[in-house]
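*Asks:*
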Amino acid sequence: MKRFILLLVTLFAMTNVMAQLQPDMPIPADKEVRVGRLENGMTYYIRHNEKPKGQASFYIFHHVGAVQEEDSQQGLAHFLEHMAFNGTKNLPGKKMIEYLERNGVKFGADLNAYTSYDETCYNLDNVPTANPATIDTALLILHDWSQFISLEPQEINNERGVIMEELRTRDGAGWRAMVRRNAAVNRGSKYEHRNVIGYLDGLKSFDHKALYDFYKTWYRPEYQAIVIVGDIDVDRIENKIKTLMADIPVSPADAPQKEAYLVPENEEPIVSIFSDPEMTASVMQLFIKRPALPKQYNNLIISQMYDVLNSYTSAMANDRMNEIAMQPDAPFLSAGMDSGNILGVNPTQDLTMVAVQTRDGELLCGYKAILEEMEKMKRYGFTQSEFDRTKAEFLRQAEATYANRNDLTNGQYVQTYLANYKKNTAMADAETQYNLDKQYLEALTLDDVNAWVKQLLTPENQVITVEVPKKEGLTEPTEAELLAIRSEVMASDVEAYQDNTVSEPLIPADIKLKGSPVKKTAYNEDLGTTEWILKNGVKIIVKPTQLKADEVLLQVQADGGMSQLADTEVKEGEFLPVIAAQSGVGKFSAIELNKQLAGKKAGINLYVNNYSNGMSGYCSPKDIETMLQLLYQNFTSPRFSEEDFNTTMDSYKAYVQNLTSNPDYIMQIETIKTLYSDNPRQQPLTIEALESISFENLPKTFKTLYPGANSFTFTFVGNVDLETLKPLVEKYIGSIPTSKHVLKFTDDKLRTAKGKVVNDFRTPMLQPKVSEFLLFSSDADYTLRNKQTMLLLNMALNNRYLKSIREEKGGTYGVQVSYTLSYRPEKQALLQIQFDTNEEMADELVPIVFDEIEKIATEGPEAKDINDSREYLVKQFKNTLENNGTWFGLIDDYNRHKQNLLADYEKTLNSITYDEIRDLAKKLLDSGNVIQVTMRPEAQPETDE
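Numbering (mature numbering (1 follows the signal peptide of the UniProt record, and there is no 0)) for the sequence shown: -19 to -1, 1 to 926.
(1) Check whether the Cβ atoms of LEU802 and ALA902 lie closer than 8 Å to each other.
(2) Could you compute how far the alpha carbon of LEU181 sits from the alpha carbon of PRO258?
(3) Note the first and the last residue of the continuous beta strand (DSSP E) segment covering MET334.
(4) Compute the Euclidean distance between the alpha carbons of ILE283 and ALA424, then round it to the nearest angstrom.
(5) If you compare alpha carbons, which of ALA154, ARG360, LEU778 is closest to ASP474?
(6) What is the C-beta distance between VAL449 and SER256, in whole angstroms, given that I count them as a contact (C-beta under 8 Å)?
(7) Of the choices SER468, VAL914, LYS725, whose alpha-carbon is the least far from that of ILE647?
(8) Within 10 angstroms of the Cβ of LYS70, are there 16 or more other Cβ atoms? Answer buried if so, exposed if not.
(9) State yes or no: is the beta carbon of PRO661 nearer than 8 Å to at least one beta carbon in chain C?
(10) Give every residue of the same chain whose Cβ lies closer than 7 Å to the Cβ of ARG301, excluding the five residues on either side of it in the sequence, and list them in chain order.
(11) DSSP three-state call for ALA37: helix, strand or coil?
(12) Quick check: what's the CA-CA separation for ASP310 versus ILE8?
(13) Taking 8 Å as the threshold, find out whether the region 244 to 252 comes into contact with the region 445 to 462 through three or more Cβ pairs.
(14) How big is the Cα-Cα spacing for PHE66 and GLY89?
(15) Cβ atoms of LYS707 and residue 927: under 8 Å apart, would you say?
(16) What first and last residue would you give for the alpha helix (DSSP H) that runs through PRO109?
(17) By the three-class DSSP mapping on this structure, what secondary structure does ALA734 have?
(18) For TYR504, list the residues DSSP reports as bridge partners.
(19) Report the residue from MET6, CYS102, ILE521 whose alpha carbon sits nearest the alpha carbon of ASN279.
(20) Using only alpha-carbon positions, find the residue among GLU532, PRO558, VAL533, LYS529 that is nearest to GLY542.
(21) Look at the Cβ atom of TYR886, then the Cβ atom of ASP507, and state whether they are nearer than 8 Å.
(22) Could you pull out every residue in the same chain whose Cβ sits closer than 6 Å to the Cβ of ASP418, ignoring the five residues on either side in sequence?
(23) Looking at C-alpha atoms only, which residue of ARG161, ALA119, ALA47, GLY347 is the closest neighbour of ILE41?
(24) Determine which residues share a DSSP beta bridge with PHE569 and list them.
(25) If you draw a straight line from the alpha carbon of VAL326 to that of GLU246, how long is it in whole angstroms?
(26) Quick one: residues in its chain with C-beta nearer than 8 Å to the C-beta of LYS768, no 5 flanking neighbours on either side, listed in chain order?
(27) Report yes or no: do the region 290 to 307 and the region 206 to 216 share at least 3 C-beta pairs separated by less than 8 Å?
(28) Thinking just about the alpha-carbon of each residue, which of ASN627, GLN638, PRO661 is nearest to the one in GLU677?
(29) Mind checking which residues open and close the alpha helix (DSSP H) that includes VAL723?
(30) If I'm right that SER366 touches GLN338 with Cβ under 8 Å, what's the distance once you round it to whole angstroms?
(31) Kindly list the residues whose CB is nearer than 8 Å to the CB of residue 929, restricted to its own chain and excluding five residues on each side of it in sequence; keep chain order.
(32) Mind checking LYS501: buried by the 16 CB within 10 Å criterion, or exposed?
(33) Is GLY584 helix, strand or coil by DSSP?
(34) Put LEU578 into one of helix, strand or coil per three-state DSSP.
(35) Using the rule of at least 16 other Cβ atoms within 10 Å of the residue's Cβ for burial, across every protein chain shown, is ARG340 buried or exposed?
(36) On the criterion of 16 or more Cβ atoms from any shown chain inside 10 Å, does GLY736 qualify as buried, or is it exposed?
In structure tokens:
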């Protein structure tokens, strides 16, 4: 608490800020949200919103979670979350899921939940609101989730296997490291001993009554909030809540109360060193603990100032560390800083974290380097130029948020209100928040931020966590070495950071842009697009929208891709976008370009796929010229720096070298090899593949893939004005050179294996599991009807596997079914099925996969599955039309395949017959093309626990 008081004193001592702001002033709540509290203590938030129109989100938040568990109850909060979907008082068994899916609310996508340390939240998203009965049922579900989950013994037993398989799926090296890390940061508190999901022995054996008692003890109305946002009548919803929730009783006076589990302070650093044979990276994290602002401060000006100061320091620190990481022979591969409740574990504790990743064996060097950077920040602070860039960037972000104020979705409002309930954070209206943001940014000075960073980076309350691969030849750092380096750096001399900038126009002044005028204009009434053909033959498509006020997106696309490259050049094409992003453009390195663009929202990125390539861009409407300048430069002045190339390749090699001990990566390698018969054009990421990439060949590869503007179609979608855009397009895109060589699709003969192919192998792993991958394929035309038939088959199988493999057998956390309908290099339908399970059940579950497809192929799908899927898909399609990015696919399908999804999506979907779905399933089976890859565990090695 002493640290907290010191932080507050520091805040109030910033006289420049305090002269302009009242730190203890409450931030007024948005008047558009209705907030109330029932007599039983339950809180509610209600807001009308029409993003998306005709739908609403219904949430119930329980301010309890895993930390309320006793040692013998570990995993019960998460187990209870699962049981919320297995029967309630008014909707027993699977009636809840059945009703909601019948009304277009899909389990998993719209109907879901999560559990954490201090919270559990159940949600219904995208609920259609046209029918009042659907709204009433959604409210009834929230009511039942509060106090009336059935917890039938048989359903509990059925769910044990599902959750044990969830644990099996989660329990990789990353999860084990996270558990160890959280324990170290929360040492001495109850959080140290909680992992949310529990342990296998407890999950197998807990008594049914234990779960019931835990539910009745902690899930009480005074710890619950209902949040409803959407296209609803606020008054009606409020009245329904008051009536419906009236039978939830006030908790007894002697009901147990939640405790705040504070983490003890520590003078000397806590050190945690964790090694694991499946770890893929060497990582060190330095945490500095401090108390979080007490809840009563979180809706005051001072709380938001606290957040702004943290954001300033993290942003400037990250820019410095990114700059170091891009240097040749950098002491680390990556590093970063963040402040706040960043682990999301303990709400009473805030952290400042500095993390570093290095090559294996170089962690001590990287650790020393970030300590030196921290010392520079503490002793010398940041520079005025760093501060000015960050301020410009934050002002731009505030302007963008305000510009998009009328485009906020139901989900965005929900998260604001959940945060208010949990932490008492402000929920101001957009105009109030925008004005406050501008005041904070105008009032804060460099001196304020430099004073603040001294309070963040203190020697007390530090926790150092080390996570490294456990392998022969690699020695993990010791606690003594870490502490010795820490002492050495604290006593050493460090030089102040020098901020080097390049201040030049993006396009050099001596370059004359010839441009090319629009010679032909056409309007597409079906799509609402305008098409321009420039005099040089380049095609431009523009789709103006009002979906997001501060967004314009650009897609530049050509047929070609890696099919244009020789076998030996494929990896160069695959990595070209990565290398370009790390190299910058024109005269600007990536770091210099980032500094140059401070305060602007504009960017261009390359992409290269198997059969297409191009660029993607984004900008604010006011920065569209900057985006087009970047586009011009990326086409005409790609930057190839051997230093940047070597840094990028070294980083990837360091990452890849440990992947071969990771079971999931091994499964990926074996799957790729099996699918493509070890084709040189489709190879997994290995050290050898990285070493095959030639820096000298990159300019040639770029020229092959980007020969001239006339190979590409340039499509703009977003808040763009045609009259403003047209002269800019003529100037910048019109000045990109054209070429006699025009990209086109080339059949590279890359095919998935045909016939029956089986790869059943074993590999070492710490958490034994079996991973299954199956791929069925057959020829199929690329039509809207076939796409939707595949989609309906996909969803029907998802439903069947949910019942047969997850619920009835308890054999997996989930079966993932996906599909692809391709038109190049061949017209083909692919059905892919994946899941993890235990070794005892693997050979029992795989036949079920085949049986369910066979049932559909002989008997047809269940009518309910298809009808429910249609309801969901129509709703989902309408929702996707609210996103600018969706329109690229719609435009491409229209122009390339003559498919008008706007006119035909719903009509075609509803006309597909059960027989068509049956015939497609039969065709996939009859083709005889089945690839099966099975990974099984070898003997379990010892672990460092």
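We treat Cβ as the ideally placed atom computed from N, Cα and C, and that holds for glycine.
*Replies:* This is what the structure holds:
(1) In this structure, ALA902 does not lie closer than 8 Å to LEU802 by Cβ.
(2) Whole-angstrom Cα-Cα distance: 22 Å.
(3) Per DSSP, the continuous beta strand (DSSP E) segment holding MET334 begins and ends at 330 to 339.
(4) Pairing ILE283 with ALA424, the inter-Cα distance amounts to about 13 Å.
(5) If we check each option's Cα against that of ASP474, ARG360 comes out closest.
(6) Contact flag correct, Cβ pair sits at about 5 Å.
(7) Ranked by Cα distance from ILE647, the first of SER468, VAL914, LYS725 is VAL914.
(8) By the neighbour-count criterion, in which a residue is buried when 16 or more other Cβ atoms sit within 10 angstroms of its Cβ, LYS70 is exposed.
(9) Looking at the structure shown, chain C is missing, and only one protein chain is on hand.
(10) Within the same chain, and ignoring the five residues on either side of ARG301 in sequence, the residues whose Cβ sits closer than 7 Å to its Cβ are GLU354, TYR478.
(11) Looking at ALA37 - three-state DSSP - the assignment turns out to be strand.
(12) Rounded to the nearest whole angstrom, the C-alpha separation of ASP310 and ILE8 is 49 Å.
(13) The region 445 to 462 and the region 244 to 252 touch, with three or more beta-carbon pairs separated by less than 8 Å.
(14) Whole-angstrom Cα-Cα distance: 11 Å.
(15) Beyond the ends of the chain as shown, which are -19 and 926, falls residue 927; an answer cannot be given.
(16) Taken as a continuous stretch (DSSP letters only), PRO109 belongs to no alpha helix (DSSP H), being part of the beta strand (DSSP E) at 101 to 109.
(17) ALA734: coil per DSSP, three-state reduction.
(18) Looking at the DSSP output, TYR504 sits in a beta bridge with THR511.
(19) Of the candidates MET6, CYS102, ILE521, the one whose C-alpha sits nearest the C-alpha of ASN279 is MET6.
(20) For GLY542, the nearest C-alpha among the options comes from PRO558.
(21) No, the pair does not count as a contact, with Cβ atoms beyond the cut-off.
(22) The answer, listed in chain order, is ALA379.
(23) Among ARG161, ALA119, ALA47, GLY347, the Cα nearest to that of ILE41 is on ALA119.
(24) Answer is VAL566.
(25) When rounded, the distance between both Cα atoms is 17 Å.
(26) Cβ-Cβ distances below 8 Å link LYS768 to LEU802 in the same chain, with the five nearest sequence neighbours on each side left out; the list follows chain order.
(27) Touching, no, given that fewer than three Cβ pairs across the two stretches are closer than 8 Å.
(28) Here the closest residue by C-alpha is ASN627.
(29) That residue, VAL723, is in no alpha helix (DSSP H); it is neither H nor E in DSSP.
(30) Rounded, the Cβ-Cβ distance is 28 Å, inconsistent with contact.
(31) Summary: the structure shown does not reach residue 929, with the chain confined to residues -19 through 926, and so no result is reported for it.
(32) Exposed, since its Cβ has fewer than 16 Cβ neighbours within 10 Å.
(33) Looking at GLY584 - three-state DSSP - the assignment turns out to be strand.
(34) Coil.
(35) Classification for ARG340: buried.
(36) Taking a 10 Å sphere around the C-beta of GLY736, we find fewer than 16 other C-beta atoms and assign the residue as exposed.
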